[in-house]
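Step one of this worksheet: look at the structure below.
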Amino acid sequence: MGLLSGARVVVTGGAGNVGSHVVDAALAAGAREVIAVDALVRGVPENLDHALATGRARLVEIDIRDREAVMATLRGCDVLFHQAALRWTRCQEAPRECQEVMVEGTFNVLEAAAEANVRRVVMASSAVVYGEPVHLPLDEDHPLSGTTVYGAAKVANEQMGRAIAKLRDLPVVSLRYFNVYGPRMDVRSRFVEVMVRWLNAIDEGKPLTLFGDGSASADFVYVDDVARANVLACDAAATDAIVNVCSGVETRMRDLAALLLELTGSDVGVRYEPQPPPSLPQRRYGDPRRAAEVLGFRAETELREGVRRLIQWRRQALATADALQT
Numbered sequence: 001m002g003l004l005s006g007a008r009v010v011v012t013g014g015a016g017n018v019g020s021h022v023v024d025a026a027l028a029a030g031a032r033e034v035i036a037v038d039a040l041v042r043g044v045p046e047n048l049d050h051a052l053a054t055g056r057a058r059l060v061e062i063d064i065r066d067r068e069a070v071m072a073t074l075r076g077c078d079v080l081f082h083q084a085a086l087r088w089t090r091c092q093e094a095p096r097e098c099q100e101v102m103v104e105g106t107f108n109v110l111e112a113a114a115e116a117n118v119r120r121v122v123m124a125s126s127a128v129v130y131g132e133p134v135h136l137p138l139d140e141d142h143p144l145s146g147t148t149v150y151g152a153a154k155v156a157n158e159q160m161g162r163a164i165a166k167l168r169d170l171p172v173v174s175l176r177y178f179n180v181y182g183p184r185m186d187v188r189s190r191f192v193e194v195m196v197r198w199l200n201a202i203d204e205g206k207p208l209t210l211f212g213d214g215s216a217s218a219d220f221v222y223v224d225d226v227a228r229a230n231v232l233a234c235d236a237a238a239t240d241a242i243v244n245v246c247s248g249v250e251t252r253m254r255d256l257a258a259l260l261l262e263l264t265g266s267d268v269g270v271r272y273e274p275q276p277p278p279s280l281p282q283r284r285y286g287d288p289r290r291a292a293e294v295l296g297f298r299a300e301t302e303l304r305e306g307v308r309r310l311i312q313w314r315r316q317a318l319a320t321a322d323a324l325q326t
């Protein structure tokens with residue numbers, strides 16, 4: 001029996017893309033109760049429809065900057081999944097808000113977990129901490145040379161997690177997510193990920209915009225695989241570990257564009273534009289070996305299948321939203 005069986009679980013950011021899938025995964029693993037904590041800035045309650053229908057999950061609207069509310073919610077908690085974060089673009093626009101939410105808020109969460117004698121904390125981190133690659137693939141020993149506000153906050157969170165783990169004998173595992181995609185991605189806000197942005201362009205009959213020669217790359221990992229990595233981290237022998245959650249596959253943007261055009265049957269084509277000053281590395285993919293060793297995790301969903309599922313889900317989600325507005 002795993003640690004989640006019969007456990008009382010808290011998932012911060014629980015109404016978000018990754019968080020809601022972690023809620024589902026914890027329920028599937030036998031959790032007695034799952035509390036999804038979310039300020040509902042990025043997350044939406046609809047992401048939890050399936051979980052709430054089980055009767056073993058509930059949504060609590062809390063901002064993790066509210067120390068007392070966080071303390072009260074984590075009282076009696078067995079396992080904590082800390083997924084709450086601001087979007088990286090919001091962090092660039094509002095660095096102080098990033099500090100307050102992602103650094104001070106994370107400290108509130110870790111402090112409350114320690115006070116509650118939580119049996120395991122799993123924290124979401126990001127490959128953004130690595131910055132411009134010195135070598136590829138990116139392994140966990142790569143220098144942390146990121147230059148974004150979001151990345152700096154994630155580094156601070158990882159280190160505070162390790163410090164609290166040692167200070168309070170609190171088992172903490174941090175997972176460095178690469179490019180997560182899949183159902184429940186944000187499809188309606190001003191800032192959407194590249195896959196959603198290109199699907200929007202296809203719907204509008206517009207070509208997909210590629211910068212430079214389209215050789216920029218990323219490591220795409222399907223959201224169900226990310227949720228599974230979180231569950232595996234609960235039962236890992238390691239009590240102070242930081243691991244990549246990635247596919248280990250480098251995907252060029254021009255190849256991703258071609259895949260989207262193929263799977264949608266679109267003939268809008270692509271348009272190449274001059275490369276702007278990059279805000280993120282032009283090439284990035286991770287080394288999955290430590291996750292395999294420490295967690296027993298390997299990404300299972302191939303990009304083609306994952307994108308197919310995303311396209312299907314997005315079509316249904318937009319149709320449902322349109323029907324509710326009419």
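Residue numbers for the sequence shown follow the numbering used here, beginning at 1 and rising by one.
We put the CB at the ideal spot given by N, CA and C, even for glycine.
Between the options, which has its C-alpha nearest residue i's C-alpha?
i	options	result
R284	G131, D63, L167 and S20	G131
T301	T264, R271 and Y222	Y222
R184	T54, G2 and Q312	Q312
D78	T264, L4 and A291	L4
N179	V128, E273 and M123	V128
A299	L310, G248, V134 and V10	G248
K206	E158, G269 and H21	G269
L303	G182, D63, V231 and A317	G182
S331	L170, R162, L280 and N17	Residue 331 cannot be examined here, being either before or after the span of the chain that is shown, 1 to 326.
E262	E305, A237 and E293	E305
D186	G19, V9, M1 and G43	G43
R65	A85, L59 and M160	A85
Q275	L210, V194 and D225	L210
A233	V60, R120 and A165	R120
V243	E158, I164, P45 and A152	E158
G13	A25, V60, A29 and M1	V60
N17	A29, V9 and P45	P45
Given this structure, state the Cα-to-Cα distance separating residue i from residue j, to the nearest angstrom.
i	j	result
D49	P143	41 Å
V118	D141	28 Å
C98	L175	19 Å
D219	T251	6 Å
G265	R308	12 Å
D139	K154	16 Å
T106	A291	23 Å
A323	W88	31 Å
T239	Q282	33 Å
D235	E273	47 Å
P277	V192	20 Å
V134	A321	44 Å
M123	P171	11 Å
C246	A15	22 Å
N47	G19	9 Å
A201	D213	19 Å
V109	T147	25 Å
V101	R90	11 Å
R168	Q316	46 Å
A237	G2	12 Å
R67	A163	19 Å
Y150	Q92	7 Å
P95	D24	32 Å
What residue range is occupied by the uninterrupted beta strand (DSSP E) comprising residue i?
i	result
D240	D240 to V245
E61	A57 to E61
T301	First-last for T301: undefined, no H or E at that position.
S208	The amino acid at residue 208 is misidentified as Ser; the sequence shows Leu. First-last of the beta strand (DSSP E) with L208: L208 to F211.
Y177	V172 to Y177
E273	V270 to E273
A113	First-last for A113: G105 to E115, but that is the alpha helix (DSSP H), not the beta strand (DSSP E).
V11	R8 to T12
A124	R120 to S126
For residue i, which residues from the same chain have a beta carbon less than 7 Å from its beta carbon, with the 5 sequence-adjacent residues on both sides left out?
i	result
R75	A116
W198	L208, A257 and L260
L27	V34, A51, T54, R56 and A57
A156	V103
V22	V11, F81, Q83, A227 and N230
A114	I164, R168 and L170
Among residues of its own chain, excluding the 5 on either side of residue i, which ones have a beta-carbon nearer than 6 Å to its beta-carbon?
i	result
P137	Y285, G286 and D287
E111	none
A241	V173 and V294
F297	A229, L232 and A291
G161	M123, V172 and S174
With residue i as the anchor, note down where its alpha helix (DSSP H) starts and where it stops.
i	result
E33	Per DSSP, E33 belongs to no alpha helix (DSSP H); it is in the beta strand (DSSP E), E33 to D38.
H82	H82 -> not in any alpha helix (DSSP H); beta strand (DSSP E) instead, spanning V79 to H82.
M195	V194 to D203
Y150	V149 to R168
V231	V223 to C234
S20	N17 to A28
M71	R67 to L74
Round the Cβ separation of residue i and residue j to the nearest angstrom and send it over; I've been treating them as touching at under 8 Å.
i	j	result
R271	S215	No, R271 and S215 are not in contact; Cβ-Cβ is about 16 Å, not under 8 Å.
A327	A7	The chain is shown from 1 up to 326; residue 327 falls before or after that span and cannot be answered.
S126	Y177	6 Å
L310	M195	6 Å
Counting only the same chain and skipping the five closest in sequence on each side, list residues whose C-beta sits under 8 Å from that of residue i.
i	result
I62	V37, D38, A39, A69, V70 and T73
V41	L86
R188	A321
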